[in-house]
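Right, one structure below, let's go through it.
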Amino acid sequence: MTAARVMVAMSGGVDSSVAAARLVEQGYEVVGVTMKLWGGESDTGCCSVSDVDDARRVAQQLGIVHHVWTFTDDFEAHVVDPYVDAHRLGRTPNPCIECNRHLKFDRMLRRAQAVGFETVATGHHARIVELPDGSGSGSGRLALARGADAAKDQSYVLYVLGQEQLARTLLPVGDLTKADVRAEAERLGLRTATKPDSQDVCFITSSAGRSGFLSRRLDLHPAEVVDAAGASVGEVEAVELVTVGQRRGLGLPGGSATRYVTEVDVPARRVRIGPPEDLQVTEVALHDMVWPAGLVEGDVMAQCSAHGIPQPAQVTSTASEGAGVTATVRFAAPQRRVAAGQSVVLYHPTADHVVGGGIVS
Amino acid sequence: MSKFPERMADVLGTPPAIAYLDHAATTPLRPEARAAMLPWLGGTFGNPSGAHAVARAARQAIDEARDTIAGVLGCAPNEVVFTGGGTEADNLAVLGVPAARPGPVLASAVEHHAVLEPLEVVGGRTVAVDRRGVVDLDALASALTPETTLVSVMTANNEVGVVQPLSDVARVVRRHAPDAVLHTDAVQGAAWLDIADVAAGADLVSVSSHKFGGPQGVGVLVVRRGTPLQPRAIGGGQERELRSGTHNVAGIVGMAAALAAKASARDEESTRVSALRDRLADGLLAEIPDAVETAGRSAVLPGTAHLTIDGVESEALLFLLDEAGVCASAASACASGAQEASHVLAAMGVPLRATAGALRLSLGWTSTDADVDRALDVVPTAVAKLRVAAGSLR
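Top line first, the protein sequences correspond to chains W and G. Numbering-wise, the first sequence is residues 3 to 363 according to my numbering. Numbering-wise, the second sequence is residues 13 to 406 according to my numbering.
Next up, the structure:
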C-alpha cells in the first residue's frame with residue numbers, strides 16, 4: 003500500500019525522531035503524535051512533560067504538525083492494572099508487550115484511522131517483510147522480522163502484531179543500527195541525537211522501584227523460603243515481588259551453592275528454591291497465542307526474553323486452528339524455566355521472522 | 013497542512029484563513045493595546061521605581077494605566093495590584109489570605125486550576141455546583157463558619173462559560189461568615205461582563221490581560237482596602253509590597269488600553285458576538301445528532317458555546333478541526349498539550365461518556381460570520397467522519 007500520509011508516534015526519543023525525519027525526507031505527509039500514557043511519576047517514560055517537549059521540538063524542526071493524545075485511562079486499564087494483578091498472583095508480566103498490544107498498535111492505530119491516517123509509524127527496531135508464497139512471488143502476507151541491529155532488536159515485544167496491524171505500520175528505523183540512528187539524528191541536528199535510551203518500565207521510577215510502586219497498589223506479604231525438600235531456609239519480605247529464576251534477595255546465607263527460585267506460591271506465602279537443575283524444563287505451555295500469519299506447527303526458534311538467545315523447539319497448537327489460543331513448546335534441549343506471565347516468541351527456524359508467540363501459563 | 017504561522021496576518025487574514033474559535037484560551041491583541049505598547053517596545057523604557065526622568069516617564073505610564081484599570085474595574089487606583097497574569101493573581105489571593113489570617117478556605121468545585129491547586133495547598137475544600145454549573149448556595153451556606161477566612165467563587169467559568177450569581181454568593185458569605193474575604197476569579201468574566209458591577213461584592217478580583225485583547229503575561233488582583241493579604245513575591249516592595257518585582261511597563265499599558273477598549277465596546281461586542289454564538293450553537297445542534305449544549309445559554313458568557321457530542325473523542329475531533337483550520341478546545345489544556353478530563357463537567361454531573369466528547373468553541377472580539385460559517389461547515393462533517401469510523405472499527 004502506498005501511503006501518502008503517515009502518523010508517527012513520537013515518544014521524544016531518538017528512534018521515533020529519526021523515524022519521523024526519514025518519512026519526511028521520503029516525501030510522506032507526516033503528522034507527529036505523542037501518546038500521553040502515564041500520569042504518575044516517571045524517570046523518563048514516554049509521557050513526561052520533557053519528553054513531550056522533545057517530541058514537539060523535533061516536530062517543529064521537521065516542520066510537521068504535532069499533537070498530544072491522552073490515553074492514560076486506557077494505559078491504566080490495559081497495562082498498569084494487569085501488571086499489578088499479575089504480581090498479585092505471583093506472575094511476572096511484561097507491560098511493554100501489553101502496551102504494544104492494547105495502546106500503540108490498537109488504540110493509537112484506531113484513533114489514527116478515525117482521523118484519516120491508514121498508516122502509523124513508530125521508532126521500533128524491527129522490520130516488516132512480505133512472506134514468499136513458495137513460487138518466488140510475494141504472498142501478500144506480512145511478517146515481523148528482526149531489526150538490523152541485533153542488540154536493539156525489538157521484534158520480541160512486537161510479536162502481538164497481526165496482519166492488519168502489520169499492513170498499517172511502518173518501522174522506518176528497522177533497517178538501521180542504533181549507531182546509524184544516532185548518526186542520522188546528528189546529521190539532521192535533531193535535539194534528541196544524544197538522548198539516552200529509555201530503560202525499564204516507564205511507569206516505575208528508579209527511586210521508588212518496582213517494590214515501591216507495587217506496595218502502593220497491592221498488599222505485599224512476607225513468605226517463607228523453602229528448599230526442594232520443603233525445609234524452611236529463609237524468608238522474603240514480599241512474595242509478590244519474587245520471580246521464578248531469581249537467585250538474589252532471598253535472604254540465604256552466603257557461601258552455599260547457588261539456589262534459584264523454582265516456584266512462587268502466593269496463596270501459601272511460600273517460595274521454593276532449588277539447584278539450577280530444578281529449573282530445567284523441556285517444555286512450556288503458552289496461552290493467548292498470537293499467530294500473525296496463521297497457525298504454525300513444527301520447528302521454530304523460541305525466544306524467552308527480550309534479548310534472550312533463541313532456542314530450537316517444536317510447537318504444537320493445543321487447540322483447534324480456529325481457536326488456536328494455546329500452544330505447547332518443546333525445546334530441543336532443556337531450558338531454564340520461564341516465569342509465568344512472561345512471553346515466549348516463536349521465530350521461523352531459518353528466516354528469522356516472528357511466526358507466533360504467547361504468554362507462559 | 014499549514015505550518016506554524018509566522019505573522020498574525022497569516023492567522024487572521026485573507027483565506028485560506030483559520031477560524032479562531034478559542035478566545036477563552038487567549039485573544040488576539042487589540043489594536044489599541046498594540047499602539048499603547050509600541051513606544052515601550054522601542055525608544056521608551058524605564059524602571060518605574062527609579063528617581064530620574066526616564067523612570068518618571070515609566071512611572072507615569074503605569075500610574076495612568078492604573079487609573080484606567082481602576083475606573084473600569086470599579087476600585088480605587090491603589091487597590092489595583094499588577095501581577096504576572098491571572099494565575100499569579102489567583103495564587104496570591106488563595107495563598108495570601110490564609111497566610112495573613114488563618115482559617116478554613118472554600119472554593120467552588122468548578123474553579124480554574126489556578127485556584128484549585130493553591131486551595132489544596134492551604135487545605136481548603138470545594139463547594140458543589142448544581143447541574144447548571146452554578147454554585148449551590150445552600151451547600152455554601154452550610155460549609156461556611158464564622159472562622160472561614162476565604163471564599164473563592166469565579167465570576168464565569170472558563171470551560172462552559174457559566175456565570176455565577178456573585179451578588180447572591182456575597183450575600184450568603186456576609187451572612188454566615190462576616191469576616192471572610194470573598195475572592196472572585198474574573199479572568200473569563202472580564203472579557204464580557206462589567207466587573208465593576210458584577211464583582212462589586214468581592215474583596216479580591218483576579219483579571220488577566222490576554223483574555224480581553226491585551227498582551228499575555230500580565231494581570232491584576234484588585235485588593236480592596238483592609239483585605240488581609242500576605243504577598244507571595246517579596247523583594248523590592250513594588251505594588252504596595254503585595255507583589256514585588258520590576259513592573260512590566262509595556263504589558264501594563266497594553267492591558268489598560270485593551271481593558272478601556274473592551275469597556276467602551278462591551279455592549280456592542282456582547283450583542284454582536286452572542287448572536288454569532290447563537291447561530292453557531294443552534295447550527296451545530298441542528299446538524300449534529302446527539303449533540304447536547306452543556307449549559308443553559310441564558311446563563312453563559314456571550315462568547316462560549318460548549319457542547320458534548322456523543323460517540324466522538326474530543327482529541328480526535330480537535331485533530332480534524334485543526335486540519336480543517338478551525339481552532340477549538342475540549343477541556344483545559346495541560347502543560348504537555350494533552351487534553352485533560354474536565355473537573356468542571358464532572359462537578360456538573362455530566363456523564364463520563366458525554367465528557368469524552370466535549371467541545372468548546374469560544375468567540376471573541378475578532379469573530380465574524382465567516383468563522384461561524386467555517387465551523388458550521390467543518391464540525392458536523394468531522395463528527396460524521398469520526399462516527400462512521402467508530403462504527404466500522406468496533
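C-beta: ideal position from N, C-alpha, C; glycine also.
| message | Taking 6 Å as the limit between beta carbons, can you name the residues of its chain near G:D420, skipping five residues before and five after? | response | Residue 420 of chain G is absent from the structure shown; chain G starts at 13 and stops at 406.
| query | Cβ of W:W40 less than 8 Å from any chain G Cβ? | reply | no
| W:A195 beta carbon less than 8 Å from that of W:E188 | yes
| said: When you compare the CB of G:A402 with every CB in chain W, is at least one pair closer than 8 Å? | reply: yes
| query | Can a CB atom of chain G be found closer than 8 Å to the CB of W:A23? | reply | no
| task | Identify, in the order they occur along the chain, each residue of the same chain with its Cβ nearer than 7 Å to the Cβ of G:E18, setting aside the five sequence neighbours on each side. | result | The predicted position of G:E18 is uncertain, since its pLDDT is 49 and thus under 50; a value taken from the coordinates is nonetheless stated next. There are no such residues.
| message | Looking at the secondary structure, which residues open and close the beta strand (DSSP E) in which W:Y349 lies? | response | S345 to Y349
| Are at least three pairs of beta-carbons, each pair with one atom in the region 26–36 of chain W and one in the region 75–88 of chain W, less than 8 Å apart? | no
| query | In angstroms, rounded to a whole number, what distance separates the CA positions of W:G41 and G:A353? | reply | 12 Å
| Name the DSSP bridge partner or partners of G:L162? | G:V117 and G:V193
| task | Tell me, please, whether the CB atom of W:V60 is closer than 8 Å to any CB atom in chain G? | result | no
| message | Excluding the 5 residues flanking W:R113 on each side, which residues of the same chain have their C-beta closer than 8 Å to its C-beta? | response | W71
| said: Measuring straight from C-alpha to C-alpha, what distance separates G:A10 and G:G86? | reply: Past the edges of chain G, shown from 13 to 406, lies residue 10 of chain G, and the structure says nothing about it.
| Would DSSP call G:R143 helix, strand or coil? | coil
| Distance, G:L375 Cα to G:A382 Cα | 12 Å
| So the alpha helix (DSSP H) G:V261 belongs to, where does it begin and stop? | V261 to E299
| query | In terms of DSSP beta bridges, what is W:T318 paired with? | reply | W:T330
| query | Using CA coordinates, which residue listed in G:R255, G:W204, G:G263 and G:R237 is at the minimum distance from G:G229? | reply | G:G263
| field | Proximity winner among G:A203, G:L152 and G:N169, relative to G:R186 (alpha-carbon distances) | value | G:L152
| chain W contacts made by the region 106–131 of chain G, where a contact means CB separation under 7 Å | none
| message | Distance cutoff 8 Å, beta carbons only. Does G:E171 sit that close to anything in chain W? | response | no
| From the beta carbon of W:H69, is the nearest beta carbon of chain G less than 8 Å away? | yes
| field | Contacting positions in the region 29–58 of chain G - beta carbon closer than 7 Å to chain W | value | none
| Reference G:L41; option with closest CA among G:S256, G:G226, G:R291 and G:V261 | G:G226
| task | Compute the distance between the beta-carbons of W:T179 and W:D151, then report whether it is under 8 Å. | result | yes
| What number of angstroms, rounded off, separates the C-alpha of W:L64 from the C-alpha of G:A394? | 27 Å
| field | Residues of its chain near G:V235, where Cβ-Cβ distance is below 7 Å and the 5 sequence neighbours each way are ignored | value | E91, V93, L216, L241 and L254
| request: Would you decide whether W:A27 is buried or exposed? Buried here means 16 or more other CB atoms lie within 10 Å of its CB. | output: In the sequence as displayed, the identity of residue 27 of chain W is Glu instead of Ala. Looking at its Cβ environment, which holds fewer than 16 other Cβ atoms inside 10 Å, W:E27 is exposed.
| task | Kindly identify the DSSP beta-bridge partner or partners of G:P177. | result | In DSSP, G:P177 forms no bridge with anything.
| said: Please report the distance separating the alpha-carbon of G:A168 from that of G:V261. | reply: 28 Å
| query | Apart from the five residues just before and just after W:R272, which ones in its own chain have a Cβ nearer than 7 Å to its Cβ? | reply | A225, E226 and V228
| request: Would you list the residues sitting across from W:R129 in a DSSP beta bridge? | output: W:A147
| task | For chain W, find out if any of its Cβ atoms is closer than 8 Å to the Cβ of G:L398; answer yes or no. | result | yes
| Looking at the unbroken alpha helix (DSSP H) that takes in G:L414, where does it start and where does it end? | Residue numbering for chain G in the displayed model covers 13 to 406; residue 414 of chain G lies beyond these limits and cannot be assessed.
| said: Considering just the uninterrupted stretch of the beta strand (DSSP E) at W:G276, what are its terminal residues? | reply: R272 to G276
| said: Looking at W:L144: is its Cβ nearer than 8 Å to the Cβ of W:A185? | reply: no
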